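In the UniProt record's numbering, the protein residues as written are 1 to 172.
All C-beta atoms, glycine included, are put in the ideal place defined by N, C-alpha and C.
Predicted model only: the values in this text are computed from it and were never measured.
Let me begin by presenting the structure, written as structure tokens, before commenting on it.
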């Protein structure tokens, strides 16, 4: 089953305890972000106001006792998009999102070949399907057993570091 628009929003909002994401790409081509990325690359800062809709959603989830987290697998040097996304992450962390970075620059990727996904309540998996250039194809409700995705989450969390720790000492 494919999820788009309001179906995606409802699936996300239906989570009872946890929404967790694995991100694997160095760039995501999101039409709604094109102008913001252009401004960032021109030297404009990413303000909290620019991230307000997601900030407010995360804050509401966390305030209600639910958690939102992600691990992004990256390799240096950071792409322009990752530098942009890291600026968003600074605000997301402030809202309560638990963001971690798994840097595979100098080591094998322990999740090589695993695609992006969201996992809700450790039981519902939504596969995030992308073209190689980061353009989203669709979101697909996974119909199989969640155990492999729970293991991917365990590995990602074990092998990663908190975003705030990762960015200390360098200018993202």
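Taking the Cα of residue 51 as reference, the smallest distance to any Cα among 84, 63, 26 is reached at 84. Contact check for residue 72 against residue 23 passes: the beta carbons are separated by less than 8 Å.
Residue pairing for residue 135: DSSP places it in a beta bridge opposite 29.
Ranked by Cα distance from residue 62, the options 16, 90, 109, 129 are led by 16.
No Cβ-Cβ contact shorter than 8 Å links residue 74 with residue 146. Where residue 142 is concerned, there is no enclosing alpha helix (DSSP H), because DSSP gives it neither an H nor an E. In summary, residue 64 is exposed, with fewer than 16 beta-carbon neighbours lying within 10 Å of its beta-carbon over all protein chains present.
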